[in-house]
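**Q** In the numbering used here, the protein residues as written are 257 to 801.
Quick one: structure below, then a few questions.
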């Protein structure tokens, strides 16, 4: 890109950003706590960081770890890496040392940007990683000693670096990697071409799905929104739901509002009120429940600016959808569907009234999404055949450092290359996709398949259930039995007998849990995804004692 941002010719994620920043430099781009940055200011900080990374020896194809909680620095690192054709790697800030060692090694990190409070964990694993050479520390007031890592202060590094560009040419073939959450296995790095990621994951120039994606790079500047569009992603930026929506909003000239630190529901509602947020993005029940609790305790808040509440990464239960509609009656409640390996594939939209189901069905955005049976034949509408949700067209290149998993997940069928997700589904007579659940956590009891998500939604529809995770446990007679780990609503007296009776009204008898374990808290990932390994351990321990 030139210094003025004119002549946009590629779907490279840095080129697009620079063109938009040049066009609307004075417009506010991101707000986080007390910090407010315009597009020009965010661009300058990203330039300075990019030059610093270059000075540290980071170049094309190198991997830069982003070990940060939400803040403007997260977006700065991502954009800076794109500028020098390096690859930002998302890292879960809750990981302990062994998990970090695995991910740092698997991702071949050469540089790491992290919050100062995370120094002890980094110091524990860094000596074991020969490729990891440089460290930049974002000060968070924790006072941790960073001298053991020979780490440079982030803001001081930016101050000492050039504010202009002067970077080389880039390409839509440059890489983008997103690591999966690892809730059912080891995290995997999903490798995308940036051009494909722009269309599949980052809106394609049409994040609100108003006009359709662009055909040529030059059209993007014509899509810069000329009205106040403010979005707030509740999830951490390390998660696809927040990272992709934030980038898609920035690329169309919108303002991104971030909440610093861990989940603070009351602060989220206050930000919606103060910043006039139009689009709120959450991740399923685990995020919405605390938001509703805060509304009841500290509200009401002025949410009249909201016109869309979107959820991705985990389903919303029906009663919580209904409550969101009650709170923000002018807003569309959009339950999105997709994955790290596909980007956005479809959605279910609720506008007023009451809903009777969770994300069991979704409308496909286009014909690139299909359900493929075990023999890779396309599942026909109304056939009742169960298969895996799949996608062709703009899909990833594969998994980083995992040829075996790549070959198993990315297949050739019908003259096209497809990615097979882990989501099992069938296709209704009307063409909608009916989701059954993740194949990797499917329970086989007496030859019948039980998908935990369906039973979880049934349990969570009970007024006395706050949260639930369903798993399979070994059973001498049936092979596996259905077990539920349940967190009750505070003060609720619901017991196993009551939940069995409730479930029998909603699911077949073989799907009703035979074991119940009641807990004070259910462990989930920072973005609210169920930790099935933890739940299985808790259920097994409780039922064997």
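All C-beta atoms in this analysis are idealised placements derived from N, C-alpha and C, irrespective of residue type, glycine included.
Suppose the cutoff is 7 Å on Cβ atoms and the five residues either side in sequence are ignored; what does the same chain contact list for residue 434 look like?
**A** Here residue 434 is taken as the residue at index 178 of the chain shown, counted from 1. Contacts found: 346, 446, 496, 596.
**Q** What are the partner residues of residue 591, as DSSP defines its beta bridges?
**A** As a working mapping, residue 591 is identified with position 335 in the chain shown. According to DSSP, residue 591 bridges with 567, 604.
**Q** Does the beta carbon of residue 684 sit closer than 8 Å to a beta carbon anywhere in chain D?
**A** Any reference to chain D falls outside this structure, which holds one protein chain only.
**Q** Looking at the structure shown, is residue 688 part of a helix, part of a strand, or coil, going by DSSP?
**A** If you number the chain shown from 1, residue 688 lands on position 432. Correct three-state label for residue 688: coil.
**Q** So who's on the other strand from residue 444, going by DSSP bridges?
**A** Numbered from 1 along the chain shown, position 188 holds the residue referred to as residue 444. Paired residues: none, contrary to the question.
**Q** Straight-line CA distance for residue 648 to residue 269?
**A** Here the question's residue 648 lines up with position 392 in the chain shown. Here the question's residue 269 lines up with position 13 in the chain shown. Approximately 22 Å between the Cα atoms of the pair.
**Q** Report all residues from its chain with a CB closer than 6 Å to the CB of residue 792; omit the five preceding and five following residues, and keep chain order.
**A** What you label residue 792 is simply residue 536 of the chain shown in a count that begins at 1. 727.
**Q** My output table needs one value for residue 740: the three-state DSSP class, helix, strand or coil.
**A** As a working mapping, residue 740 is identified with position 484 in the chain shown. Three-state DSSP puts residue 740 in a strand.
**Q** Are residue 605 and residue 590 touching if we call contact CB-CB under 8 Å?
**A** Taking the first residue of the chain shown as position 1, residue 605 is located at position 349. Taking the first residue of the chain shown as position 1, residue 590 is located at position 334. Their beta carbons are under 8 Å apart, which means residue 605 touches residue 590 by this criterion.
**Q** Nearest to residue 469 by CA position, among 586, 334, 267, is which residue?
**A** By 1-based counting over the chain shown, the position of residue 469 is 213. Nearest C-alpha to residue 469: 267.
**Q** Take the Cβ of residue 512 as the centre, count every other Cβ of all protein chains shown within 10 Å, and call the residue buried at 16 or more, exposed below.
**A** Residue numbering aside, residue 512 sits at position 256 when the chain shown is read from its first letter. So residue 512 ends up on the buried side.
**Q** With burial defined as no fewer than 16 other Cβ atoms inside 10 Å of the residue's Cβ, what is the status of residue 339: buried or exposed?
**A** Position 83 of the chain shown, counted from the first residue, corresponds to residue 339. Label assigned to residue 339: buried.
**Q** Can you grab the Cα-Cα spacing for the pair residue 273 / residue 626, in whole Å?
**A** Position 17 of the chain shown, counted from the start, is the residue given in the question as residue 273. Position 370 of the chain shown, counted from the start, is the residue given in the question as residue 626. Distance between the alpha carbons of residue 273 and residue 626 is about 32 Å.
**Q** What is the DSSP secondary structure of residue 759, reduced to helix, strand or coil?
**A** Working through the chain shown from its first residue, we reach residue 759 at position 503. Three-state result, residue 759: helix.
**Q** For the alpha helix (DSSP H) containing residue 349, name the first residue and the last one.
**A** Residue mapping note: residue 349 aligns to position 93 of the chain shown, counting from 1. From DSSP, residue 349 is part of no alpha helix (DSSP H); its letter is neither H nor E.
**Q** Secondary structure at residue 307, three-state DSSP: helix, strand or coil?
**A** Numbered from its first residue, the chain shown carries residue 307 at position 51. Helix, per DSSP.
**Q** Quickly, what does DSSP pair residue 239 with across the bridge? List them, please.
**A** Because the chain spans 257 through 801 in this model, residue 239 falls outside it and cannot be assessed.
**Q** Check each candidate in 399, 618, 390, 321 and name the one with the smallest Cα separation from residue 362.
**A** As a position in the chain shown, residue 362 is number 106, starting the count at 1. The candidate whose alpha carbon is nearest that of residue 362 is 321.
**Q** DSSP has residue 655 in a bridge; who is on the other side?
**A** Walking along the chain shown from the start, residue 655 turns up at place 399. BP columns for residue 655 point to 446.
**Q** Rounded to whole angstroms, what is the Cα-Cα separation between residue 808 and residue 714?
**A** Outside the displayed span of the chain (257 to 801) sits residue 808, for which this structure offers no information.
**Q** Compare the C-alpha of residue 310 against each of 326, 421, 559, 290 and name the closest.
**A** Taking the chain shown and counting its residues from 1, one reaches residue 310 at position 54. The residue with the shortest Cα to Cα distance from residue 310 is 421.
**Q** Among the candidates 657, 676, 573, whose CA atom is the shortest distance from the CA of residue 624?
**A** Taking the first residue of the chain shown as 1, we reach residue 624 at position 368. Cα-wise, what sits closest to residue 624 is 676.
**Q** Among the candidates 738, 656, 689, whose CA atom is the shortest distance from the CA of residue 641?
**A** Numbered from 1 along the chain shown, position 385 holds the residue referred to as residue 641. Answer by Cα proximity: 689.
**Q** Closer than 7 Å to a non-hydrogen atom of the ligand COA - does that hold for the CB of residue 318?
**A** In the structure shown, the ligand COA is absent, as is every other ligand, since no ligand is present at all.
**Q** Please name the residue, chosen from 632, 669, 308, 534, that lies closest to residue 408 on a Cα-to-Cα basis.
**A** On the chain shown, residue 408 is found 152 positions in, with the first residue counted as 1. Of the candidates 632, 669, 308, 534, the one whose C-alpha sits nearest the C-alpha of residue 408 is 308.
**Q** Using the beta-carbon count (16 or more within 10 Å), is residue 264 buried or exposed?
**A** Along the chain shown, one-based indexing puts residue 264 at 8. With 16 or more Cβ atoms within 10 Å of its Cβ, residue 264 is classed as buried.
**Q** How about the stretch 323-341 and the stretch 504-521: do they share at least three Cβ pairs that are nearer than 8 Å?
**A** Contact holds: three or more Cβ-Cβ distances are below 8 Å.
**Q** Are the stretch 470-489 and the stretch 291-310 touching by the rule of at least three beta carbon pairs closer than 8 Å?
**A** As far as the Cβ criterion goes, the stretch 470-489 does not touch the stretch 291-310, which means the pair count is below three.
**Q** Quick check on residue 748: does DSSP put it in helix, strand or coil?
**A** By one-based count along the chain shown, residue 748 stands at place 492. In this structure, residue 748 counts as coil in the three-state DSSP scheme.
**Q** Give the straight-line distance between the Cα atoms of residue 746 and residue 553, rounded to the nearest whole angstrom.
**A** Mapped onto the chain shown, residue 746 falls at position 490. Mapped onto the chain shown, residue 553 falls at position 297. Roughly 14 Å separates the two Cα atoms.
**Q** Using only the alpha-carbon positions, how far apart do residue 538 and residue 500 sit?
**A** Working through the chain shown from its first residue, we reach residue 538 at position 282. Working through the chain shown from its first residue, we reach residue 500 at position 244. Distance between the alpha carbons of residue 538 and residue 500: 13 Å.
**Q** If you measure between the beta carbons of residue 296 and residue 275, is that distance less than 8 Å?
**A** Translated into positions along the chain shown, residue 296 becomes position 40. Translated into positions along the chain shown, residue 275 becomes position 19. Going by C-beta atoms, residue 296 is not nearer than 8 Å to residue 275.
**Q** Can you round the beta-carbon distance between residue 768 and residue 760 to whole angstroms, since I take them to be within the 8 Å contact cut?
**A** Translated into positions along the chain shown, residue 768 becomes position 512. Translated into positions along the chain shown, residue 760 becomes position 504. That pair is a contact at about 6 Å.
**Q** Could you tell me whether the stretch 321-331 touches the stretch 344-359, where touching means 3 or more Cβ pairs closer than 8 Å?
**A** These segments touch.
**Q** If contact is defined by three or more beta carbon pairs under 8 Å, each pair taking one atom from either stretch, is the stretch 665-672 in contact with the stretch 732-744?
**A** Contact between the stretch 732-744 and the stretch 665-672 is absent, because fewer than three Cβ pairs lie under 8 Å.
**Q** Return the chain-ordered list of same chain residues with a C-beta closer than 6 Å to the C-beta of residue 771, the five sequence neighbours on each side being excluded.
**A** Along the chain shown, read from residue 1 onward, the residue named residue 771 stands at position 515. Closer than 6 Å at Cβ, skipping near neighbours: 739, 799.
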